[in-house]
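Below is one structure, written out as structure tokens, with a few remarks after it.
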Amino acid sequence: DQIYDGCLMTKPEVTWDDIGGLEPMKISMKEMIIDPLKRPDIFRGLRAAPKGVLLYGPPGTGKTMIARCIASQCDSSFLNVSASKLTSKWVGDGEKAVQALFAVARAMQPSIIFIDEVDSMLSKRTEKENESSKKMKSEFLVQMDGAASQEADNVLVIGATNRPDDLDEAVRRRFQKRFMIPLPDNQGRLQILKAVLAHEKIALEEADFCTVANSLEGYSGADIRKVCAEASMTPVREWSGFLDTVELSEIRAIELHDLMEAA
Ligand code: ATP
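Each residue of the sequence shown is one higher than the last, beginning at 107 in mature numbering (1 follows the signal peptide of the UniProt record, and there is no 0).
Dropping the structure here:
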């Protein structure tokens, strides 16, 4: 992993199986985003890949994970930009930061620029807005259009936001594909539980998964992960005082009651 100012660059390894639920969306993303990025020779002209994708919805629903998964499936570089860090670190010089970001992305292509909290960087223009922030926004639009006009460029911008209505209209138009990532329903929670617990030692029947999923109404994927992490500690705590000597195999599996107590 390499870290630039306010930007982390990686080659993520996330598969669709790591993401619980959202099945119909996974299928459309494959066709609309991943296949075109992998085969620019087929997907050109009318079939060209979108240059901007917006993921919106409540916090903790897996937007970052989806972006990482797309990068992983396309074997792209992944530039993870936190909009608030970028704006605070490059005060007064946001324009240059944006130029540098796209320059790195082009040099490392195929690449994905992921901008979390994109609304905080590219919000609606207001009267009070300072010059530097205006410049940064227009530079962003220029760079995105630049990326769109150069067919050889294999750079995709993915923005994530909890507040899509705050986005600048011109910016919103650049994100040609938009996906709402909602809080999971019962089935979604069940699938997230299975995905999160897939590599853990568990003693759970199908009915147990359903019981837990039922009890987690209103929880996001991030909340569900927290519950599972907490539950996974109970069997370990039973060995408190003996952790230096206990064999891994002696630590019992995670059971239904651990999850219910952690929820
Ligand atoms: P934010 O808006 O707060 O940035 P986000 O929507 O980007 O949140 P993530 O950062 O992707 O959410 O999710 C946080 C963590 O929650 C993930 O690393 C993952 O462990 C877990 N998680 C969230 N959604 C899912 C899901 N659908 N399947 C499996 N794990 C999930």
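Every residue, glycine too, gets a C-beta built ideally from N, C-alpha and C.
> Would you say the stretch 176-188 touches the stretch 281-296, given that touching needs at least three Cβ pairs under 8 Å?
Replying inline: no
> Going along the chain, which unbroken runs of the beta strand (DSSP E) with 3 or more residues stay wholly within the stretch 246-292?
Replying inline: Correct list: 261-267 and 283-286.
> What separation, rounded to the nearest whole angstrom, lies between the Cα atoms of G324 and D147?
Replying inline: Between the alpha carbons of G324 and D147 lies a distance of about 43 Å.
> Should G166 go down as buried or exposed, given a rule of 16 or more other Cβ atoms within 10 Å for buried?
Replying inline: The residue is buried, with at least 16 neighbouring Cβ atoms inside 10 Å.
>> So, does the stretch 309-328 touch the stretch 162-176, judging by three or more C-beta pairs under 8 Å?
In response: The count of Cβ pairs closer than 8 Å, one atom from the stretch 309-328 and one from the stretch 162-176, reaches three, so the stretches are in contact.
> What does a CB cutoff of less than 7 Å around V352 pick up in its chain, not counting 5 residues either side in sequence?
Replying inline: W345
> Quick one, are the C-beta atoms of E201 and K241 less than 8 Å apart?
Replying inline: Between E201 and K241, the gap from beta carbon to beta carbon is short of 8 Å.
> Exposed or buried, E223, counting other C-beta atoms within 10 Å across all chains shown (16 or more means buried)?
Replying inline: buried
> Is it the case that the CB of A301 approaches a heavy atom of the ligand ATP more closely than 7 Å?
Replying inline: Checking every heavy atom of the ligand ATP against the Cβ of A301, one is found closer than 7 Å.
> CB of G265 to nearest heavy atom of the ligand ATP: below 7 Å?
Replying inline: no
> Looking at the unbroken beta strand (DSSP E) that takes in E207, where does it start and where does it end?
Replying inline: Correcting the residue type first, residue 207 is Leu in the shown sequence and not Glu. Run containing L207: none in the beta strand (DSSP E); it sits in the alpha helix (DSSP H), G200 to A213.
> Near the ligand ATP, which residues have their beta-carbon less than 5 Å from any of its heavy atoms, given in chain order?
Replying inline: I125, G126, P165, G166, T167, G168, K169, T170, M171, I298, A301, G327, A328 and R331
>> Taking 6 Å as the limit between beta carbons, can you name the residues of its chain near A309, skipping five residues before and five after?
In response: Within the same chain, A309 has close Cβ partners A359 and E361.
> So is the beta-carbon of P118 under 7 Å away from any non-hydrogen atom of the ligand SAH?
Replying inline: This structure lacks the ligand SAH; the ligands present are the ligand ATP.
>> Please list the terminal residues of the continuous alpha helix (DSSP H) segment that includes V342.
In response: G327 to R343
>> According to DSSP, F220 sits in a beta bridge with which residue or residues?
In response: According to DSSP, which records beta bridges pairwise, F220 is partnered with N186 and I264.
> What does a CB cutoff of less than 8 Å around V261 pick up in its chain, not counting 5 residues either side in sequence?
Replying inline: Around V261: K157, F208, A211, R212, Q215, P216, S217, I218, I219 and A253.
> Nearest-angstrom Cα distance between M339 and I125?
Replying inline: Going from the Cα of M339 to the Cα of I125 covers about 23 Å.
> Under three-state DSSP, which class holds E361?
Replying inline: strand
> Hey, how far is the Cα of N236 from the Cα of F246?
Replying inline: 16 Å
> Under 8 Å, do D272 and K230 count as touching if we go by C-beta distance?
Replying inline: Yes, Cβ-Cβ distance for D272 and K230 is below 8 Å.
> Beta-carbon separation of A368 and A337 under 8 Å?
Replying inline: yes
>> Run through the DSSP bridge pairs and tell me what S229 is partnered with.
In response: L273
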